[in-house]
Amino acid sequence: MNRPGRLAYNAAVVVAAAAAAMGIGAIVLAAVGADIMKAYAVILTEPLKDLIGVTEIVVRAIPLSLIALGIAVAFRSGILNIGAEGQMMMGILASSATAIALGSLPKPVLVPLAILAGAAGGAAWGGLAGLLKARLEVNEILSTVMLNYIAAQFYTFLLRGPMMDPEELVMGSGTPQTLRMPRSAWLDRLIPGTRLHTGVFIVLALAVVVFVLLWRTPVGFRMRAAGAEAKAARYAGIKVQRYLVVAMLLSGAFAGTAGAVEILGVHRRAIEGVSGGYGFTGIVVALFGGLHPAGIIPASLFFGLLLLGADMTQRLADVPANMVLVLQGAIILAIVSARQFMNNPYAQDRLARRLAKLFGRPERYRAGPDCPDPSDSPDPCLADERPDDGASGEASR
Amino acid sequence: MGHEPIRSLELRGITKRFPGILACDRIDLSVGEHSVRALVGENGAGKTTLMNILMGLYQPDEGRILINGSEVRFRSPNDAFDHGIGMVHQHFMLVQNLTVAENVALGMKSAHRPLWLDLKSVRSRIIEVSERHELPVNPDALVWQLSVGEQQRVELVKTLCLGARFLILDEPTSALTPQETDELIALLQKMSRELSIVFISHKLHEVKALSDTVSILRRGRIVFEGRTEDHSPADLAALMTGHEVELPRVESGGSAPAADGRGLLSIRELRVSGDLGNLALDGVSLDVAPGEIVGLAGVSGNGQRELAEALNGLRPVVSGSIALNGAELAGRSASAAIGQGMGYIPEDRNTEGIVPSFSVRENLVLKDVGGGAWSRGGFLRLGRIAANAAELRDRFDIRCPSTDTAAGSLSGGNIQKVILARELARGPKALVAVYPTRGLDMGAEEFIHKQLLARRSEGVAILLISEELEEIMNLSDRIAVIYKGRILRIVPGRDATKRSLGLLMAGVVDE
């Protein structure tokens, strides 16, 4: 297929995956006895009905897209970073500690400093998993998941102990939260009366940075090479272990930044439950967005809509907000299967031929003028060894 | 089983499409009883696809299969087994950590009792088959302990135990030593008295030695059918590729190494550990002079992989030295070896030579992407990378729809050309080529041989590691034979014979 054709095809598969996920969700909705159409109508349209709703979608999309950008960097470099949740919390802690301790600094200094501190906190937590993998070959899925637990406990400990707002002790209410940030650390609100904050510009800038890094610099080139085929990268003299650590540092830094921006822009103090599962939803956003910044931004908006819509269904359609978790799980399943399908050239070709037949266009399995020799196309004989090929399943029985 | 024996097998009008290509284009083929039919053709000509259709692994888009005149449909390999058709694949389908008997039992439904596996009957069946066809195998041996030749025999026994009366052999000699190949050919000749055999190969002397009739496939079509004895290997090669093929030969055959006895690439007393902690290289010394090709012959697994990796900084060195143009490389990194001008064509082109999902143009700059030529100020120079790819594509005749195509989607020959183009365009001082033409057809082989010889005349020191004696003898000024991690002997290329090298490869030193 040519380029626009492939793009359209991929987009179609993603849409189909979303539709399939909705289908699965419908079954669950029916099982709990809810009104399916109403629930979906609320989830998908209710948030879009007023300015507050739209801005709230963006407010949720900001941390989601930051985390997803980091996940994309890691995944493209061959590491499955499941630890964004923990990295985000460490970022929040580092950022709020910095903002509170250095509250007297002027705003143009303090805001970047607090965000950088958040990035550093996340990077440290992510880099730890990267180092463990590079040095000791510890599986990154295990280490990042475990580091999530440690981070969560550490976060709770600090918020209920050393970093707790002294007022809470005096008042005796004991809400686990830090001091309110000094005003000079706040990210400004863009539209009065909404929570939309300047973090949105940080997202857009970092999306460009990720694209340029991965596809326009030698460092990104090597990271992608190491991720796509570590052995070939090593044979080409690329220090795969080093880029692995770099990728995890970056990935953690993005999660940490997400935490810092969320705190400085929305809550203005570290509270419990602030991450709200963004670290995990971010993985789905990254996959849904095709591990590419241009896909991640719209994907994060879509998930922002889902998250907000789910909150509303609780009130308007009497469906628990947890419903959205079911949808998320279904979307992961659908995306993973769709990916398998997308990467299978045989399925692609069959579909293309069937479509061509449908629309009466000439079949296109003849080679183009650039490729005069059909025997130079992928060797179909090698295809037997593909695990995703239906035929080989027969063979291995 | 339970079907009548196959007296004739016919394929009529078989057509199979794959993305972008027509793998089989209305192919007709018929094989009679007790005959050997050779199926030859270049890579991607459709041989394996056709046989996979016959085995029920693929369904043909069009066409019919007839056994003894009546049509059959194979939906899975089990259907083909039931009709007595068995296939020995190019890559052995054996479970390494099971015994021979257990491997055979995997496919023998008759040995599967409801609650246990009747290994006893499997063993007796193996012994019966192996005696009948003179295929000695030990049913209790673990597969990983067997040599490649023995594993080949196990594959044959396995197929016969399952009741095959019609054998399909897909490039059965590709992993064997010359001696093992001769044994196998003799064995198959004997077996053909009782069985029908379809023999897929692109080694034409084997085709000559074994087959009664030959069919030549080119681009999915049968372009020739005839009796083998009426045609010379050169005729068949021309029919296969569509043009006259003449593999180039080195001219000198015995240029002396540099005067001081040390080559441009100089290896001294090299000791290297293998993956299992064994000493894979045990004191290897070898010199390659500029403008010389040294062939390293040996059965694979005798230290070739470890040598190539050590030379390229990919494997730590226990002791000894590797000098390239006077610079010490032993124990340094891969990038150090690359920086000193070492070129490398690795053994596994799909996972070591290229990043499959990267485009052709990206793969062509894989080694130097950080250098000034392809990046400036921390950014890639995409225009120059694309221009470089366009130039190399023309120079090395890389056939791809566009240099933006994923390299992994190209055929083996074109992937090898991508690797060759990258390595040679870097202007290496020395080149280590490991099995550079393994699995390639004659057209690609010819091209790669010519390129290696051209580099030789430009003064590159080339170490050619191969199991193909013909390749080594055609190209090498000197030939070193490696056996169990040691260089047994170094002989001038013109003095080498297949027989003498074959014996040395088997570890026999005749004084």
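Those protein sequence lines, which keep their order, are chains A and B. Just so you know, we're using this note's numbering here: the first sequence kicks off at 943 and counts up by one. Just so you know, we're using this note's numbering here: the second sequence kicks off at 5 and counts up by one. Ideal Cβ positions, reconstructed from N, Cα and C, are used throughout, including at glycine. The structure presented is a predicted model; accordingly, all values stated were derived computationally and were not measured.
* **Spatial distance of V161(B) from L199(B) (CA atoms)** => Here the C-alpha atom of V161(B) lies approximately 13 Å from the C-alpha atom of L199(B).
* Hey, is T103(B)'s beta-carbon within less than 9 Å of any beta-carbon in chain A? -> For T103(B), the answer is no, since every Cβ of chain A falls outside 9 Å of its Cβ.
* So, helix, strand or coil for T19(B), using DSSP? -> Looking at T19(B) - three-state DSSP - the assignment turns out to be strand.
* Asked: Expressed to the nearest angstrom, what Euclidean distance is found between the alpha-carbon atoms of L54(B) and E175(B)?
  -> In a straight line, the C-alpha of L54(B) is about 14 Å away from that of E175(B).
* **Start and end residues, alpha helix (DSSP H) containing R1131(A)** => Taken as a continuous stretch (DSSP letters only), R1131(A) belongs to no alpha helix (DSSP H), as it is neither H nor E.
* L15(B) at chain A interface by Cβ criterion, 9 Å -> Not closer than 9 Å to any Cβ of chain A, the Cβ of L15(B) fails to qualify, so no.
* To do: Counting only the same chain and skipping the five closest in sequence on each side, list residues whose C-beta sits under 6 Å from that of A1263(A).
  => A1252, D1253, Q1256, listed in sequence order.
* Asked: Looking only at DSSP bridge pairs, what is V292(B) linked to?
  -> In DSSP, V292(B) forms a bridge with L269(B).
* From this set, S1193(A), V1227(A), D977(A), I1004(A), which residue's C-alpha is nearest V1261(A)'s C-alpha? -> Ranking S1193(A), V1227(A), D977(A), I1004(A) by Cα distance to V1261(A) puts D977(A) first.
* Distance, K194(B) Cα to T163(B) Cα -> Put simply, the backbone Cα of T163(B) is about 16 Å away from that of K194(B).
* Proximal residues of chain A, C-beta to C-beta of A338(B) below 9 Å -> Near A338(B) (Cβ distances below 9 Å), the residues of chain A are R1176, Y1177, A1178, G1179, I1180, K1181.
* Smallest Cα separation from V364(B): which of N392(B), E351(B), A338(B)? -> Selected option, being the one with the closest Cα: N392(B).
* Asked: What's the gap between the Cα of L1206(A) and the Cα of G1162(A)?
  -> Distance between the alpha carbons of L1206(A) and G1162(A) is about 30 Å.
* Assign S361(B) to one of three DSSP states: helix, strand, or coil. => When secondary structure is reduced to three states using DSSP, S361(B) falls in the coil class, being assigned neither helix nor strand.
* Whose CA, out of L1250(A), S1279(A), M1265(A), lies closest to the CA of P989(A)? -> When each option's Cα is compared against that of P989(A), the closest is L1250(A).
* alpha helix (DSSP H) containing Y348(B): first to last residue? -> Taken as a continuous stretch (DSSP letters only), Y348(B) belongs to no alpha helix (DSSP H), being part of the beta strand (DSSP E) at 346 to 349.
* Asked: Buried or exposed: which applies to R1296(A), given that a residue is buried once 16 or more other Cβ atoms fall within 10 Å of its Cβ?
  -> By the C-beta density criterion, R1296(A) is exposed, having fewer than 16 other C-beta atoms within 10 angstroms.
* Asked: Using a Cβ cut-off of 9 Å, which residues of the segment 186 to 220 of chain B contact any Cβ in chain A, in chain order?
  -> Interface annotation for the segment 186 to 220 of chain B against chain A: empty, criterion Cβ-Cβ distance under 9 Å.
* Asked: Taking 9 Å as the CB-CB cut-off, is A1170(A) touching chain B?
  -> Closer than 9 Å: yes.
* Between the C-alpha atoms of V4(B) and D286(B), what's the straight-line distance to the nearest angstrom? -> Residue numbering for chain B in the displayed model covers 5 to 515; residue 4(B) lies beyond these limits and cannot be assessed.
* To do: With DSSP collapsed to three states, give me the class of P403(B).
  => In the sequence as displayed, the identity of residue 403(B) is Arg instead of Pro. The answer is coil: DSSP assigns R403(B) none of H, G, I, E or B.
* Examine the Cβ distances between the segment 1009 to 1024 of chain A and the segment 1223 to 1231 of chain A and report whether three or more of them are shorter than 8 Å. => Yes: the two stretches touch, three or more of their Cβ pairs being nearer than 8 Å.
* Report yes or no: do the segment 1268 to 1276 of chain A and the segment 945 to 964 of chain A share at least 3 C-beta pairs separated by less than 8 Å? => Contact holds: three or more Cβ-Cβ distances are below 8 Å.
* Asked: According to the Cβ coordinates, are A1059(A) and A1202(A) closer than 9 Å?
  -> Taking 9 Å as the Cβ cut-off, A1059(A) and A1202(A) qualify as a contacting pair.
* With DSSP collapsed to three states, give me the class of H93(B). => Three-state DSSP puts H93(B) in coil, outside helix and strand.
* **Same chain, Cβ closer than 7 Å to R140(B), five either side skipped, listed in chain order** => It should be noted that the sequence gives Pro, not Arg, for residue 140(B). Closer than 7 Å at Cβ, skipping near neighbours: S134.
* To do: Let me know the secondary structure DSSP gives V99(B) once reduced to three states.
  => Three-state DSSP puts V99(B) in coil, outside helix and strand.
* Taking C-beta to C-beta, are S178(B) and V40(B) nearer than 9 Å? -> Going by C-beta atoms, S178(B) is not nearer than 9 Å to V40(B).
* Asked: Any residues in the segment 1153 to 1167 of chain A with a beta carbon nearer than 9 Å to a beta carbon of chain B? Which ones, in chain order?
  -> For the segment 1153 to 1167 of chain A, which is checked against every Cβ of chain B, the residues closer than 9 Å are V1154, W1157, R1158, T1159, P1160, V1161, G1162, F1163, R1164, R1166, A1167.
* To do: Just the chain B side, please: which residues come within less than 7 Å of K1173(A) by C-beta, in chain order?
  => Neighbours of K1173(A) on chain B, chain order: T355, E356.
* Quick one: using the 10 Å Cβ neighbour count with 16 as the cut-off for buried, is I71(B) buried or exposed? => I71(B) counts as buried, since at least 16 other C-beta atoms from the protein chains shown sit within 10 angstroms of its C-beta.
* Mind pulling the chain A residues with CB within less than 8 Å of G382(B)? -> Residues of chain A passing the Cβ test: T1159, P1160, V1161.
* On a CA-only basis, which of V218(B), R388(B), G167(B), I423(B) is nearest R129(B)? Give me that one, please. => Ranking V218(B), R388(B), G167(B), I423(B) by Cα distance to R129(B) puts G167(B) first.
* Asked: Buried or exposed: L386(B), going by 16 or more other Cβ atoms within 10 Å of its Cβ?
  -> Counting Cβ neighbours within 10 Å, L386(B) comes out exposed, since fewer than 16 surround it.
* Straight-line CA distance for D1315(A) to S361(B)? -> Low per-residue confidence applies at D1315(A): pLDDT is 36, beneath 50, and the placement is therefore not dependable, though the value from the model is reported in the following sentence. Rounded to whole angstroms, D1315(A) to S361(B) spans 22 Å at the Cα level.
* Would you list the one or two residues that DSSP bridges to I297(B)? => Residue pairing by DSSP puts I297(B) in a beta bridge opposite I466(B).
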